[in-house]
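Accompanying notes for the structure given below.
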Amino acid sequence: MGNMAGRFKADQPPRGQPIFFGSVVKRGWVKKSWQVRFMEAYPSGLYYYRTDSAELPEDALGAPIAPAGFIPVSEIVCVIKPKNMERIPNINWPMKKHDQAQLTNCRWGVETSIRKFYFVSPTVEACNEWIEIVSTLLGQQRADPTSAGLARNVESDNDDDEGNDTDDELVDMSSGHHQPPTQASHS
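This is the structure:
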């Protein structure tokens with residue numbers, strides 16, 4: 001698996017049934033443009049394809065094409081729920097204009113060892129489902145004593161020109177949601 005332009009490359013399409021799948025809009029690393037992709041979650045990681053439909057394209061021989069990219073679970077540090085990512089430009093999504101305004105609630109991402117990946121899901125439910133799926137995969141990965149990945153807070157990172165990284169909300173992987181610090185009660 002090489003790392004070209006901030007991308008993990010999958011050598012071959014995944015085997016078996018995906019745990020979850022659906023269309024997402026993915027933010028490019030170099031040009032920072034948003035593109036619709038079809039993404040599948042497997043125990044090994046997230047695979048995405050250059051298509052926006054569940055019908056994955058096939059090569060001339062009828063075999064499914066290799067994914068455009070792959071985010072291995074072993075490389076994911078944490079799930080991010082960005083609070084103030086820049087306004088998403090007009091995405092060519094099969095939805096009505098007034099529904100696009102709600103996309104701000106549908107943003108999520110993952111931080112890996114090499115960069116942050118940002119996505120937008122078509123619905124809040126799909127967004128929450130993706131966050132839960134990735135959190136579950138991370139939990140399983142962390143339960144494996146051979147993996148040493150730990151969640152960490154990110155002060156800043158040169159991956160983003162717009163400076164949006166500082167307000168990302170890190171999701172607690174053990175429970176999938178935030179828990180406020182508990183105060184010890186004095187009795």
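Note that full-length UniProt numbering has the sequence shown beginning at 1, numbered continuously upward.
Glycine included, each C-beta is placed from N, C-alpha and C at the ideal position.
Kindly indicate which three-state DSSP category Arg-50 falls into: helix, strand or coil?
coil
Taking just the CA atoms, how far does Glu-125 sit from Thr-112?
24 Å
Option in Arg-142, Arg-27, Lys-9, Glu-129 with minimal Cα separation from Ala-66
Lys-9
Arg-107 versus Gln-141 - alpha carbon distance
24 Å
What are the residues that DSSP puts in a beta bridge with Val-36?
Paired residues: Val-25.
Kindly give me the distance between the Cβ atoms of Gly-45 and Phe-21, rounded to whole angstroms, as I take these residues to be in contact under 8 Å.
Not confirmed; about 13 Å, so no contact.
Locate the beta strand (DSSP E) running through Glu-111, then write down its first and last residues.
107-112
Going by DSSP, which residues form a beta bridge with Cys-127?
According to DSSP, Cys-127 bridges with nothing at all.
May I ask which residues mark the beginning and end of the beta strand (DSSP E) holding Lys-116?
116-120
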